[in-house]
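Student: Below is one structure. I have some questions about it.
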Amino acid sequence: MIQVQNLSKSFQAIKAVDDISFTIKKGEIFGLLGPNGAGKSTTLNMMSAILKSDEGTIQMDGNTIKGHSKECKHLIGVVPQEISLYEDLSAYKNLLFWGNLYGIPSKELKDRIHTTLELIGLLDRKNDLIKTYSGGMKRRINIAAALLHQPKVLFMDEPTVGIDPQSRNHIFEVIETLNKQGMTIVYTTHYMEEVERLCDRIAIIDSGKIIAQGTQAQLKELVPTKESIQFEFSFLSESNVNQLRERLPYIMTQNKSKLIVQSTVKELSKIITVCNELQLNIKDIQLNKVNLEAIFLSLTGKQLRD
Amino acid sequence: MIFTILKKDLRLYFSDKKGILVTFLLPIIMITLFAFAFGGVAKKKSAPKPLGVLVVDKDTTVTSQELIAKLNSLPTIRLIPSEEENALNLVRKGENVAALIIENGFSEAIKIEADLPVELKYDAARDLQMRIVHTLLKEGFKYHLGKGDAISEVKLKTTSLIKESFTKAHPGLVQAVGGTAIMMLLFSIAAIGGGLLDEKEAGTLKRLLIAPVKPLDILLAKMGTAMIVSILQLTVMFIFAWVAFGLPIFMDISSLIILILCISFAVSSFGVFLVSTVKTRQQLQGMSTIIIILMSAIGGSMIPISMMPAFMQDIAIISVNYWGIEGFFDIFWRQLPMIDILPKMGILLAIGIGMTLVSTVLFKKNIIEIA
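Quick mapping for you: the protein sequence lines, in order, are chains W and V.
All letters in the first sequence, in the order written, are residues 4 to 309 by our numbering.
All letters in the second sequence, in the order written, are residues 5 to 375 by our numbering.
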């Protein structure tokens with residue numbers, strides 16, 4: 004459905020997207036996972052044909068975006084990170100306006116607004132001004148505005164930022180429904196739980212580069228052990244970590260006073276002994292199954308929410 | 005505690021460069037402008053540009069020619085020879101402040117010390133300039149005709165070419181309504197243009213760009229909104245002036261409608277131009293305040309153009325206010341036919357087209373690329 008090849012974009016001296024390539028299959032939910040500033044939104048802006056790339060190509064349903072931006076814009080729906088709605092208009096009038104921009108015939112547009120409002124569960128509030136909505140409700144209308152022209156692909160840029168768990172769940176259900184109806188979805192987030200719940204395939208992006216991509220199972224294969232132990236110390240210097248690395252044969256990732264060791268619970272006592280010998284004061288220990296957070300940590304040495 | 009809060013407030017205040025400009029630079033510019041207009045500052049610095057007075061010599065004698073040459077040596081007046089019909093026409097159109105008509109028998113009247121057959125026909129809309137011209141010419145006549153002490157008074161007949169009537173507005177009213185209407189319009193339009201920046205900050209501009217909409221369509225739609233509001237605002241203001249002060253708006257309604265359309269187009273394009281040069285609402289507020297007040301002061305919205313020194317009158321032509329106000333004078337005071345007002349309307353349209361073209365380029369650079 005979508006092919007991104009060797010895409011790059013710089014803003015003056017900053018390379019926001021650095022030679023990334025990936026393919027998105029028809030009907031899948033593809034996640035772009037990375038911390039804030041990783042290059043997710045810049046990638047999505049280029050895929051939405053509102054930002055020109057410096058290098059590389061994007062193909063959508065057989066068409067290259069460059070030179071076919073109008074056709075591509077009809078294929079895609081974009082849910083921007085910001086609540087891009089007119090606060091002083093009702094939900095219905097907002098949707099009517101956004102739908103009109105795509106040239107949908109009046110009667111058909113009204114039917115589509117009705118169906119979409121039903122899908123997102125806000126039909127009964129359609130005449131209320133957006134400014135009277137809660138954050139979660141605004142997010143849902145933000146999604147609805149991207150669906151009216153019935154796009155084949157939906158780009159969602161961190162669509163759950165700053166909302167309550169109930170609204171988040173509602174949005175997940177909407178996404179799953181749309182996907183079941185055959186819509187391809189590209190989902191960017193820095194919440195690994197969201198990607199784990201929704202996405203068929205994931206590209207992990209950091210500092211403008213894709214550092215890993217595949218299904219969740221494939222990504223988990225990148226980490227040798229299936230468990231990790233997180234230690235929190237009162238103080239942990241880089242030399243402490245080097246000393247630990249000399250004495251323990253595991254992959255270790257430091258984040259301030261935290262240390263994640265890719266190891267199993269069986270090795271716990273051995274690690275604690277070494278820490279005691281090095282006079283490191285352990286404050287807390289957590290045992291985790293390997294998840295995307297751990298994969299990101301092991302690949303970048305950073306936490307997703309850094 | 006008070007000192008800590010005060011220190012923080014001052015630090016924040018002085019970190020806002022636009023705020024500093026409005027606080028310090030704008031008053032300095034305004035003081036300078038008003039000082040030139042009212043304080044005679046320009047005269048100290050350099051000789052003022054002489055006032056152009058047309059002269060029609062019907063006497064065509066050596067005496068009349070010599071007098072014209074001598075009067076021309078006055079630094080503040082420049083006598084321009086002209087045919088009577090042309091001279092009166094130019095004064096009626098507001099091109100020149102007055103025409104000095106030297107009638108037949110002028111040299112004869114000097115010889116017999118009779119009343120001089122001279123007349124100064126003037127544009128009453130330029131009252132202040134006219135008073136200067138009148139005084140200077142009277143003094144010049146007395147001095148050059150050698151009647152300094154002999155005759156205490158040289159009678160220089162004055163006639164306004166455009167008379168006030170029930171169907172004609174007082175020039176002061178035209179100045180007040182026209183000048184204020186355009187200045188206030190500029191403020192309203194800058195605010196409407198600012199809506200584009202609000203859309204950028206709210207993210208709706210990005211969504212518009214994501215939709216199959218051309219960037220130019222967004223700009224033109226915003227300009228169209230500004231233009232409709234401009235037309236409504238000017239219409240309401242002129243209706244108010246008609247009801248409250250009796251401004252005869254139906255005297256030449258077709259010219260008035262076309263002039264309102266031209267002003268609205270020029271002002272709307274100016275609003276869009278302002279918005280296209282900045283990146284944030286704060287920048288717009290600072291910049292629009294400075295530019296609008298400056299343009300209104302130079303263009304005659306605050307002080308009548310005729311009261312300004314010559315060099316300021318020369319630069320007034322860069323402002324929308326100037327052409328708009330002059331257009332209103334042409335309609336309500338000079339009562340010119342539309343054909344004579346068309347050049348001013350054309351200039352307003354040219355300003356509008358020029359600013360729209362520049363805005364298109366700047367809009368792409370400053371607004372879209374960072375939406």
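Using N, Cα and C, we set each Cβ at its ideal position, and we do this for glycine too.
So with Cβ pairs under 8 Å, would you call V/L220 a contact of chain C?
Tutor: Of the protein chains in this structure, namely W and V, none is chain C.
Student: Would you list the residues sitting across from W/S334 in a DSSP beta bridge?
Tutor: Summary: the structure shown does not reach residue 334 of chain W, with chain W confined to residues 4 through 309, and so no result is reported for it.
Student: 8 Å is my cut-off, CB to CB: does V/K368 come that close to chain W?
Tutor: As a first step, residue 368 of chain V is located in the second sequence; it is residue number 364 there, counting from the start. No, V/K368 does not count as interfacial toward chain W.
Student: Measuring CB atoms only, is the region 276-295 of chain W touching the region 236-246 of chain W, in the sense that at least three cross pairs come out at less than 8 Å?
Tutor: Contact holds: three or more Cβ-Cβ distances are below 8 Å.
Student: So with CB distances below 7 Å, who are the chain V contacts of W/Y89?
Tutor: Translated into positions along the first sequence, residue 89 of chain W becomes position 86. Within chain V, the residues near W/Y89 are T208.
Student: Whose C-beta lies closer than 8 Å to the C-beta of W/D160 among residues of the same chain, with five residues either side of it excluded?
Tutor: In the first sequence, counting from the first residue as 1, residue 160 of chain W sits at position 157. Cβ neighbours of W/D160 beyond the five flanking positions: K43, S44, L47, V81, V82, P83, Q84 and T191.
Student: Under 8 Å between beta-carbons, which chain W residues line up against V/V217? List them in chain order, please.
Tutor: Position 213 of the second sequence, counted from the first residue, corresponds to residue 217 of chain V. Under the 8 Å cutoff, chain W gives L104.
Student: Please list the segments of the beta strand (DSSP E) lying wholly inside the region 237-300 of chain W, counting only runs of 3 or more residues, in order along the chain.
Tutor: 254-258, 261-265 and 285-292
Student: Since V/A225 sits in a beta bridge, which residues does DSSP pair it with?
Tutor: By one-based count along the second sequence, residue 225 of chain V stands at place 221. Per DSSP, none; premise fails for V/A225.
Student: Sorted by chain position, which residues of the same chain lie with C-beta nearer than 6 Å to V/I374's C-beta, five sequence neighbours on each side aside?
Tutor: For the purposes of this step, residue 374 of chain V is taken as the residue at position 370 of the second sequence. A caution first: V/I374 carries a pLDDT of 47, below 50, which makes its placement in the model unreliable, though a value can still be read off. Nothing meets the Cβ criterion.
Student: Anything in the region 21-53 of chain W with a Cβ closer than 9 Å to a Cβ of chain V? List those residues in chain order, please.
Tutor: For the region 21-53 of chain W, which is checked against every Cβ of chain V, the residues closer than 9 Å are N48, S51, A52 and I53.
Student: Roughly how many angstroms lie between the CA atoms of W/K113 and W/L120, to the nearest whole one?
Tutor: Along the first sequence, one-based indexing puts residue 113 of chain W at 110. Along the first sequence, one-based indexing puts residue 120 of chain W at 117. Near 11 Å, if we compare the C-alpha coordinates of W/L120 and W/K113.
Student: Taking the continuous beta strand (DSSP E) assigned at W/V82, which residues delimit it?
Tutor: By one-based count along the first sequence, residue 82 of chain W stands at place 79. First-last of the beta strand (DSSP E) with W/V82: I79 to V82.
Student: Are W/K134 and W/D91 touching if we call contact CB-CB under 8 Å?
Tutor: Position 131 of the first sequence, counting from 1, holds the residue named residue 134 of chain W. Position 88 of the first sequence, counting from 1, holds the residue named residue 91 of chain W. For W/K134 and W/D91, yes; Cβs fall inside 8 Å.
Student: If you draw a straight line from the alpha carbon of W/A147 to that of V/G198, how long is it in whole angstroms?
Tutor: Here residue 147 of chain W corresponds to residue number 144 of the first sequence, with the count starting at 1. Here residue 198 of chain V corresponds to residue number 194 of the second sequence, with the count starting at 1. Cα to Cα, the separation comes out at about 27 Å.
Student: Can the beta-carbon of W/R142 be found less than 8 Å from the beta-carbon of W/T163?
Tutor: The residue given as residue 142 of chain W occupies position 139 in the first sequence. The residue given as residue 163 of chain W occupies position 160 in the first sequence. For W/R142 and W/T163, yes; Cβs fall inside 8 Å.
Student: Give the straight-line distance between the Cα atoms of V/V181 and V/T284, rounded to the nearest whole angstrom.
Tutor: As a position in the second sequence, residue 181 of chain V is number 177, starting the count at 1. As a position in the second sequence, residue 284 of chain V is number 280, starting the count at 1. One C-alpha to the other measures close to 32 Å.
Student: Take V/L10 and list the residues in its own chain whose beta-carbon comes closer than 8 Å to its own, dropping the five residues that flank it on each side.
Tutor: Within the second sequence, the letter at position 6 stands for residue 10 of chain V. Hits under 8 Å: none found.
Student: Considering Cα atoms alone, identify which of W/L262, W/N39 and W/N97 is closest to W/I144.
Tutor: As a working mapping, residue 144 of chain W is identified with position 141 in the first sequence. Comparing Cα positions, the closest option is W/N97.
Student: Would you kindly work out how many angstroms separate the C-alpha atoms of V/L132 and V/L265, rounded to a whole number?
Tutor: Residue 132 of chain V sits at position 128 when you count from the first residue of the second sequence. Residue 265 of chain V sits at position 261 when you count from the first residue of the second sequence. V/L265 has its alpha-carbon roughly 31 Å from the corresponding atom of V/L132.
Student: DSSP has W/M63 in a bridge; who is on the other side?
Tutor: If you number the first sequence from 1, residue 63 of chain W lands on position 60. W/I5 and W/N66, per the DSSP bridge assignment.
Student: DSSP on W/S87, reduced to helix/strand/coil?
Tutor: Taking the first sequence and counting its residues from 1, one reaches residue 87 of chain W at position 84. Residue state, collapsed to three classes: coil.
Student: Given a cut-off of 8 Å on the beta-carbon distance, is the pair V/F367 and V/S272 in contact?
Tutor: In the second sequence, residue 367 of chain V corresponds to position 363, counting from 1. In the second sequence, residue 272 of chain V corresponds to position 268, counting from 1. No, the pair does not count as a contact, with Cβ atoms beyond the cut-off.
Student: Can you find the residues in the same chain that come closer than 7 Å, C-beta to C-beta, to W/R31, ignoring five residues on each side of it along the sequence?
Tutor: Against the first sequence, residue 31 of chain W aligns to sequence position 28. Residue 31 of chain W is actually Glu in this sequence, not Arg. Around W/E31: T187, D203 and R204.
Student: Quick check on V/R96: buried or exposed, where buried means 16 or more other Cβ atoms within 10 Å of its Cβ?
Tutor: Here residue 96 of chain V refers to the residue found at position 92 when the second sequence is read from its first residue. Classification for V/R96: buried.
Student: I need the straight-line Cα distance from V/A154 to V/K146, nearest angstrom please.
Tutor: The count along the second sequence starts at 1 and reaches residue 154 of chain V at position 150. The count along the second sequence starts at 1 and reaches residue 146 of chain V at position 142. Residue placement at V/A154 is flagged as unreliable, the pLDDT there being 47, under the threshold of 50; the coordinate-derived value follows with that caveat. Their Cα atoms are separated by approximately 9 Å.
Student: Less than 8 Å between CB atoms is the rule here; does W/E85 satisfy it with respect to chain V?
Tutor: Here residue 85 of chain W refers to the residue found at position 82 of the first sequence. With 8 Å as the cut-off, W/E85 counts as an interface residue toward chain V.
Student: Quick one: give me the first and last residue of the alpha helix (DSSP H) that V/M344 is part of.
Tutor: The residue given as residue 344 of chain V occupies position 340 in the second sequence. Residue identity differs from the one stated: residue 344 of chain V is Asp in this sequence, not Met. Note, V/D344: alpha helix (DSSP H), M342 to L366.
Student: Tell me the DSSP secondary structure of W/S72 in three-state form.
Tutor: In the first sequence, the residue the question calls residue 72 of chain W occupies position 69. Of the three classes helix, strand and coil, the one that applies to W/S72 here is helix, per DSSP.
Student: With 8 Å as the threshold, decide whether the Cβ of W/K18 is near any Cβ in chain V.
Tutor: Position 15 of the first sequence holds residue 18 of chain W. So, not an interface residue.
Student: Enumerate in chain order the residues of its own chain whose CB-to-CB distance from W/N66 is below 7 Å, with the five nearest sequence positions on each side excluded.
Tutor: Stepping through the first sequence from its first residue, residue 66 of chain W is reached at position 63. The answer, listed in chain order, is E74 and C75.
Student: If V/L58 sits next to V/N100, beta carbons under 8 Å apart, how far is it from one beta carbon to the other, in whole angstroms?
Tutor: On the second sequence, residue 58 of chain V is found 54 positions in, with the first residue counted as 1. On the second sequence, residue 100 of chain V is found 96 positions in, with the first residue counted as 1. The beta carbons of V/L58 and V/N100 sit about 5 Å from each other, so the pair counts as a contact at 8 Å.
Student: My assumption, with CB atoms under 8 Å, is that V/G331 sits in contact with V/I345. Please give the rounded CB distance.
Tutor: Locating residue 331 of chain V in the second sequence gives position 327, where the first residue counts as 1. Locating residue 345 of chain V in the second sequence gives position 341, where the first residue counts as 1. That belief holds up - the Cβ atoms of V/G331 and V/I345 are roughly 6 Å apart, short of 8 Å.
Student: Mind checking which residues open and close the alpha helix (DSSP H) that includes W/K113?
Tutor: By one-based count along the first sequence, residue 113 of chain W stands at place 110. Where W/K113 is concerned, the enclosing alpha helix (DSSP H) stretches over S109 to I123.
Student: Taking only three categories from DSSP, how would you classify V/L29?
Tutor: Within the second sequence, residue 29 of chain V is the residue found at index 25, counting from 1. Three-state DSSP puts V/L29 in a helix.
Student: Please name the residue in V/Q286, V/A103, V/I296 and V/M34 whose C-alpha comes closest to that of V/E205.
Tutor: Indexing the second sequence from 1 puts residue 205 of chain V at position 201. The shortest C-alpha separation from V/E205 is found at V/Q286.
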